[in-house]
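So the structure is just underneath, and the comments pick up after that.
Number of protein chains: 2
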Amino acid sequence: MRQVPTVDDVARTANVSRQTVSNVLNAPQVVRAETRARVERAIAELGYRPHGSARRLRSRKSFTIGMALDPLKNGISGNVLDRFLHAVTEKADERGMRILLFTARERHSQLDQMAALRDGSDVDAFVLTGTEHGDPRIDWLTDNNVPFVTFGRPWGDDDFADRTHLWVDVDGYAGVHDATARLIEQGARRVGFLGWPSPSGTGDERRRGWREASERMLQLTDADLAALSASVEDGVEQGAAAASRLLEAAQPDAFVCASDSLALGAAMAATRHGRRMPVVGYDNTPVAAAVGLSSVDQPLEEVASAALELLFGPSGTDVVPRTGNEEPKNRLLAPRLVERDPSGVSFGEITGTANAGNHTSKGTS
Amino acid sequence: MRQVPTVDDVARTANVSRQTVSNVLNAPQVVRAETRARVERAIAELGYRPHGSARRLRSRKSFTIGMALDPLKNGISGNVLDRFLHAVTEKADERGMRILLFTARERHSQLDQMAALRDGSDVDAFVLTGTEHGDPRIDWLTDNNVPFVTFGRPWGDDDFADRTHLWVDVDGYAGVHDATARLIEQGARRVGFLGWPSPSGTGDERRRGWREASERMLQLTDADLAALSASVEDGVEQGAAAASRLLEAAQPDAFVCASDSLALGAAMAATRHGRRMPVVGYDNTPVAAAVGLSSVDQPLEEVASAALELLFGPSGTDVVPRTGNEEPKNRLLAPRLVERDPSGVSFGEITGTANAGNHTSKGTS
DNA sequence: AAGTCGTTTTTGATCGTTCAAATCCGCGGT
DNA sequence: ACCGCGGATTTGAACGATCAAAAACGACTT
């Protein structure tokens, strides 16, 4: 079995020293062109490939980004994070970096994992998703001066002023606002909203988008607005039930929803009530695509690029020092409304106990 | 800034040598209980954590599994691989192992990536998905003696006799066979099948399941069977179109499909023809769950466990030597039919050019 | 008292690379 | 001739751990 060649082997065949070989790889500009060519030939000839672990041990850089993979949320919602994961992986690949995944049942051991990954130079930085307000991971990372960026705002007092925490997020307010405005342009006069119970950073933001667009463009009383809005846990059934209530009580002529699950439920409820009306969901999941629902699409590729840019600058692989000045510390990206014609599907009778999925709805408080 | 403690620091505080500390971590049984306790106390006190890269450099083991993350297939189908990824990550976590992701636009550079990962002791083994017959990656891995396992059969002449290639797969034949049988039990007499064009390992296998169940349980001529089966590219529209043709020509009273996309299309087509009939899809995606379609569910957690067991044995983290004898080299797992009542949704008129998604259908050959 | 054996601990070398500093080399200036 | 200088290259040490072999220790024989 052939031994894997090392820098020394390359150095010997190219008649140079170890360090020169190393320089060809890491700082080509300091090597004379002629020598460089010679070394490169030797590298190709021997099929040399640097030993990652050795390099990391010495240089304390890993070209690797750590991502926590949280246990799969039921079906629909997990899709966004998976798409984000793909996007980050690809953007990282473009910089020659890789993604190290880890999970941890308990949050505590997740901190341990992250600590181990950092101390062992396994990762240069972390990309986190699904962070909550006051997330212990964030405090730990900040305290220990570990570079990280989150997909999702910290939802503190003034996120844009937060200079210790890099974040990228999608402007749910704008997304829902624009979707609502579009419906109104198309003739809607009473747009209903299905969202999640407060407090929920993302949820409240999306509701605000609907509310402000409605306020601004339609002459609706506060009572009207209150009647047109519902707060329920995520899920198709819950969406159907809530939409049904609104349809009876507040006569909406369109729906905007905080998720595609809710939107699908709303579309079904509308048909059940013998009405056909536009419904817009959120996240543009395959479900929305399959049944022809319009949906607000998050630009996950851009989110991924932006996240890496905040961490590593426009193109490098070195963590940008967080000097606390100048450089932007966050990015808020605009989503895009994907409009679809739901002519392909209509939603018929829904039975009393129809279970439109295998969602484990834990409590309804 | 505090320095990260090393084995030497621990050794010093515990009054032992480096190697003893190392032994406490890697071979506790050779250390006297009392000494071990002392060392462990020192470890806890200093908050020592082994340096992964140093360990890897010396021991040539990484406790890491490499997975290629292929560019996201459009919507629906990607879901299975993402669920698999999650499952593998969790099962790996239980063994104290982690997942390193990488992508590569071109297949060629993917080989390079894998070579680099292996040479750099970045990964101990690879888990591959979406392998094709005669996949160059497989040859390369086999030739270079790199441990790997695939989710998906090699689709060679006799996969079960293949002792050089570890694989896990789900028995699509059984899944579709049983789904078909179930429909027949429930009264169906002419079950239609929507699948993909041959040759396609998975696709042909699923079709065979339908065909043999139909042959065995129903008295159908070869001509009947041929008329009841369609081959189209994956997609909701394609499924609807094909189902529509079958409905006109062969009077099916139920459908079994090779994917949820096709199944959704079939359900829509059936409604369009004013018929209500059972439809079973494959993969149990969120789409099926959302619209209440029955579907064949792949046991991805089991697939993940089985894959790791083939590689590392029932519980360790060391690659089982592929001696070519005795130990099983593959596992074929049975899927499970998830039955749903589609009462919640009915599928209405479909317009001529309805685009029920943003699938980029490349060619129709 | 010396030899033997088994268990526990220590010692020195090594993994493959990069860092930091030293050396080499050619050239122009005094 | 000597010095200084900047660019190119080399040298020795270090990164933090494990491997392989040697040494220390105790108990038990002979």
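So the protein sequences, as listed, match chains A and B. Counting from 1, position 195 in the first sequence corresponds to residue 195 in the working numbering; the numbering is continuous, with no gaps. Counting from 1, position 172 in the second sequence corresponds to residue 1172 in the working numbering; the numbering is continuous, with no gaps. Where a beta carbon is used, it is the ideal one built from N, C-alpha and C, also for glycine. Here the structure is a predicted model, which means the values were calculated and not measured.
Do residue 320 of chain A and residue 296 of chain A come within 9 Å of each other at the CB atom, strictly closer than that value? Taking 9 Å as the Cβ cut-off, residue 296 of chain A and residue 320 of chain A do not qualify as a contacting pair.
CB of residue 176 of chain A within 9 Å of CB of residue 258 of chain A, strictly: At a Cβ-Cβ threshold of 9 Å, residue 176 of chain A and residue 258 of chain A count as neighbours.
Compare the beta carbon distance of residue 1080 of chain B and residue 287 of chain A with 9 Å and say whether it is the shorter of the two. Their beta carbons are not under 9 Å apart, which means residue 1080 of chain B does not touch residue 287 of chain A by this criterion.
So, does the CB of residue 1100 of chain B fall closer than 9 Å to a CB anywhere in chain A? Closer than 9 Å: yes.
Return yes when the Cβ of residue 1308 of chain B is within less than 9 Å of the Cβ of residue 1092 of chain B, no when it is not. Contact flag set, yes.
Where residue 210 of chain A falls: helix, strand or coil (DSSP): Here residue 210 of chain A sits in helix by DSSP.
Pairwise C-alpha distance: residue 1129 of chain B and residue 4 of chain A: Looking at the two C-alpha atoms, the distance is approximately 27 Å.
Candidates B:1027, B:1305, B:1037, of which the one nearest residue 1405 of chain B by Cα: As displayed, chain B neither begins before 1001 nor continues past 1365, which places residue 1405 of chain B out of reach and without an answer.
Run through the DSSP bridge pairs and tell me what residue 1167 of chain B is partnered with. Paired residues: B:1150, B:1330.
C-alpha gap between residue 117 of chain A and residue 1064 of chain B, whole angstroms: Near 12 Å, if we compare the C-alpha coordinates of residue 1064 of chain B and residue 117 of chain A.
Look up residue 141 of chain A in the DSSP assignment and give the residues it is bridged to. None; residue 141 of chain A has no bridge partner.
Return no unless some Cβ of chain B is closer than 9 Å to the Cβ of residue 4 of chain A. Judged by the 9 Å Cβ criterion, residue 4 of chain A is in contact with chain B.
Considering only residues of the same chain and omitting the five flanking positions on each side of residue 1179 of chain B, which have a CB-CB separation below 6 Å? Sequence-distant partners of residue 1179 of chain B (beyond 5 residues in either direction) whose C-beta falls short of 6 Å from its own C-beta, in its chain, are 1256, 1280, 1296, 1337.
Would you call residue 1120 of chain B buried or exposed, if buried means 16 or more other Cβ atoms sit within 10 Å of its Cβ? Buried, since its Cβ has 16 or more Cβ neighbours within 10 Å.
From B:1305, B:1339, B:1134, pick the residue whose C-alpha is nearest to that of residue 1154 of chain B; which is it? Looking from the CA of residue 1154 of chain B, the closest CA among B:1305, B:1339, B:1134 belongs to B:1134.
Rounded to a whole number of angstroms, what is the C-alpha to C-alpha distance between residue 160 of chain A and residue 173 of chain A? CA-to-CA, the gap between residue 160 of chain A and residue 173 of chain A works out to about 15 Å.
Taking just the CA atoms, how far does residue 89 of chain A sit from residue 306 of chain A? Between residue 306 of chain A and residue 89 of chain A, the C-alpha separation is close to 13 Å.
Spatial neighbours of residue 227 of chain A within its chain, please: C-beta separation below 7 Å, excluding the five flanking residues on both sides. The residues are 249, 250.
What in chain A is Cβ-close to residue 1241 of chain B, meaning under 9 Å? Residues of chain A passing the Cβ test: none, with the nearest at roughly 12 Å.
Specify, as a first and last residue, the run of the alpha helix (DSSP H) that residue 1231 of chain B falls within. Counting along the chain, residue 1231 of chain B sits inside no alpha helix (DSSP H); it lies in the beta strand (DSSP E) bounded by residues 1229–1231.
Assign residue 24 of chain A to one of two classes, buried (16 or more other C-beta atoms within 10 Å of its C-beta) or exposed (fewer than that). Buried: at least 16 other Cβ atoms inside 10 Å.
So, residue 223 of chain A versus residue 192 of chain A, is the Cβ gap smaller than 9 Å? No. Outside cutoff.
Which residue from B:1067, B:1278, B:1083 puts its Cα closest to that of residue 1098 of chain B? Considering only B:1067, B:1278, B:1083, the residue with the shortest C-alpha distance to residue 1098 of chain B is B:1067.
Considering only residues of the same chain and omitting the five flanking positions on each side of residue 218 of chain A, which have a CB-CB separation below 7 Å? In its chain, beyond the 5 residues on either side, 184, 189 have a beta carbon closer than 7 Å to the beta carbon of residue 218 of chain A.
Measuring straight from C-alpha to C-alpha, what distance separates residue 138 of chain A and residue 114 of chain A? Pairing residue 138 of chain A with residue 114 of chain A, the inter-Cα distance amounts to about 11 Å.
Alpha helix (DSSP H) containing residue 308 of chain A: first to last residue? Unbroken alpha helix (DSSP H) run through residue 308 of chain A: 300–312.
For residue 100 of chain A and residue 125 of chain A, what's the separation of their Cα atoms in angstroms? One C-alpha to the other measures close to 10 Å.
Using a Cβ-Cβ distance under 9 Å, would residue 1315 of chain B count as near chain A? Cβ-Cβ to chain A under 9 Å: no for residue 1315 of chain B.
Does residue 1244 of chain B pass the burial test, meaning 16 or more other C-beta atoms within 10 Å, or should it be called exposed? Residue 1244 of chain B should be labelled buried.
Just to confirm, is the Cβ distance from residue 13 of chain A to residue 31 of chain A under 9 Å? 9 Å or more divides the Cβ of residue 13 of chain A from the Cβ of residue 31 of chain A.
If you compare alpha carbons, which of B:1112, B:1166, B:1070 is closest to residue 1332 of chain B? If we check each option's Cα against that of residue 1332 of chain B, B:1166 comes out closest.
In its own chain, which residues sit with a C-beta less than 7 Å from the C-beta of residue 50 of chain A, not counting the 5 before and 5 after it? Beyond the five residues adjoining it in sequence on each side, residue 50 of chain A comes within less than 7 Å, by CB distance, of 25 in the same chain, given in chain order.
Taking the runs of the alpha helix (DSSP H) that are 4 residues or longer, which of them lie wholly in the segment 13–52 of chain A? Listed in chain order, the complete alpha helix (DSSP H) runs (minimum 4 residues) inside the segment 13–52 of chain A are 18–26, 33–46.
Checking contacts by CB at 9 Å: is residue 1056 of chain B closer than that to chain A? Against chain A, the CB of residue 1056 of chain B has a partner CB under 9 Å away; the residue lies at that interface.
With distances taken from CA atoms, which of B:1195, B:1225, B:1146 is nearest residue 1207 of chain B? Of the listed residues, the one whose Cα sits closest to residue 1207 of chain B is B:1195.
Proximal residues of chain A, C-beta to C-beta of residue 1089 of chain B below 7 Å: Chain A residues near residue 1089 of chain B: 69, 101, 103.
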